[in-house]
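In our numbering, the protein residues as written are 3 to 356.
The next block holds one structure in the form of structure tokens; read it before the comments.
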Amino acid sequence: MTGSQEFERVLDGSDKNVASFEHQDISFLKRAQHFLHSTPAAVPLIVLVLAIIIFGMAIGGRFFSSYTLTLILQQIAIVGILGAAQTLVILTAGIDLSIGVIMVISAVVMGNCAITYGIPTPIAVILGMLVGGLCGLLNGFLVAYMKLPPFIVTLGTWNIVMATNFIYSANETIRDADVDAQAPLLHFFALSFKVGNAVLTLGVIAMVLLVLGLWYVLNHTAWGRHVYAVGDDPEAAKLSGIQTKSVLLTVYAISGVIAAFAAWVSIGRNGSISPSSAVTDYNLQAITATVIGGISLFGGRGSILGTLFGAMIVGVVSMGLNMLGADPQWKVLLTGVLIIAAVAIDQWIRKVSV
């Protein structure tokens, strides 16, 4: 067939220019929104720096001393580790209210196995880790396979684990002196060393290494990308071939193991092993660090580095107010403000594509 067809002749006189879009100036606010969307840890880092500057100006040189700054790190070590575990769960759009009591019962098991039953300390630590992992597996099974809401599941297991903790231990505290005499390895993370004038404990180093390790896993492995995908849109993740149930199961199991690891660190930090510490609000502290750290409660967004910054923000605020001699309730008030502000900023950042 030669020559142009009728419809081709009509096109001869049409405009041949390629479609183009004029560049529109983006406002500073939009640029900031895009930056914060692509860098989730930026907001808590900025707040942390501002908090240090404000309290430093109010208190003076004492606040910037190596003793004060390292003391803050020592105080947040347990919450920072629990916050890392909570981050994994919240990234999947879940929540774990039982994480604090899992830590306590793991510590109680480690102490009783090593001191009461005379089991070698390394094996006692492994058994404590196993208890934490099993508690996490139970949560994961009920959430992933029974399709129960994470809030209800972990609220229920919180009560179950807490009661089991008191029944098993008979609410008897294992003394610091007994731990030192019979199972000194349980105090391993209390060991300290100097870097210049700063004194760091192995518990602080463990927290930092754990967060950095999880950051690498979440950002540079397939499993990490699956965690984000499940939290962002579980149905789309399932359609793309991701085993959403196994991802949820492993997330909760790993969270339980990390909580048990926090138990080991807490023994070094506290010295003694007290079952009654289960009533301490470790759950809320971990969630607070996670939310202030920019991890979205809706799942699928945030950086675990932000959780570390969030824990440090709470530590800086607490230490700063203590040094100023302020009423402790100001810490509670400011923490509440920070939580609401963090959620509001997260909602604003999520609208970046709108």
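The C-beta atom is built at its ideal place from N, Cα and C for all residues, glycine as well.
Shortest Cα-Cα distance from Thr89 to any of Met314, Val345, Ile342 and Val293 involves Val293. Annotated three-state conformation of Ser320 is helix, per DSSP. The Cβ neighbour count for Tyr218, taken over all protein chains shown within 10 Å, is under 16; the residue is labelled exposed. The beta-carbon separation of Ala53 and Ile315, rounded to 6 Å, stays under the 8 Å limit for a contact. Judged by DSSP secondary structure, Ala200 falls within the beta strand (DSSP E) whose first and last residues are Ala200 to Thr203. When secondary structure is reduced to three states using DSSP, Ser194 falls in the strand class. In the DSSP assignment, Tyr284 falls within the unbroken alpha helix (DSSP H) covering Tyr284 to Ile294. Annotation for Ser268: the continuous alpha helix (DSSP H) segment containing it runs Thr246 to Asn272. Each of Val145, Met148 and Ile107 was checked against the Cα of Met131, and the nearest Cα belongs to Ile107. By the 16-neighbour rule on beta-carbons within 10 angstroms, Ser171 is buried. By the C-beta density criterion, Asn199 is exposed, having fewer than 16 other C-beta atoms within 10 angstroms.
In the displayed model, Ile128 falls within a helix according to three-state DSSP.
Bounds of any alpha helix (DSSP H) do not take in Gly304, whose DSSP letter is neither H nor E. The closest CA to that of Lys333, considering only Leu211, Thr290 and Gln184, is found on Thr290. If you draw a straight line from the Cα of Ile61 to the Cα of Asn324, it comes to about 11 Å.
In the structure shown, Ile176 adopts extended strand secondary structure according to DSSP, grouped into three states. Taking each of Ala185, Arg303 and Gly338 in turn and checking the Cα distance to Gln349, the smallest one comes out for Arg303. Judged by DSSP secondary structure, Met59 falls within the alpha helix (DSSP H) whose first and last residues are Ala44 to Ile61. In the displayed model, Ile97 falls within coil according to three-state DSSP, outside both helix and strand. The C-beta distance from Ala261 to Ile154 rounds to 19 Å, too long to meet the 8 Å contact threshold. Counting other Cβ atoms within 10 Å of its Cβ, His222 stays below 16 and is therefore classed as exposed. With a contact defined as Cβ atoms closer than 8 Å, Ile297 and Ile92 qualify at about 5 Å. Within the DSSP bridge table, the entry for Ile275 names Ile176 as partners. Annotation: the continuous alpha helix (DSSP H) that includes Phe168 extends over Pro152 to Ser171. The alpha-carbon of Leu335 is positioned some 19 Å away from that of Phe311.
Comparing alpha-carbon positions, the option among Ala238, Met112 and Val103 lying closest to Ala288 turns out to be Val103. Contact between the stretch 239-252 and the stretch 181-188 is absent: fewer than 3 CB-CB pairs across the two stretches fall below 8 Å. In the three-state reduction of the DSSP assignment, Thr223 falls in the coil class, being assigned neither a helical nor a strand state. The continuous stretches of alpha helix (DSSP H) do not include Ala116, and DSSP gives it neither H nor E. With distances taken between CA atoms, Val201 lies nearest to Leu75 out of Leu75, Ile48, Leu50 and Ile56.
Arg177 is not a Cβ neighbour of Ser279, given a cutoff of 9 Å.
Relative to the Cα of Gly82, the nearest Cα in the group Ile97, Ser268 and Lys353 belongs to Ser268.
About 2 Å separates the Cβ atoms of Gly138 and Gly258, confirming a contact at the 8 Å cut-off.
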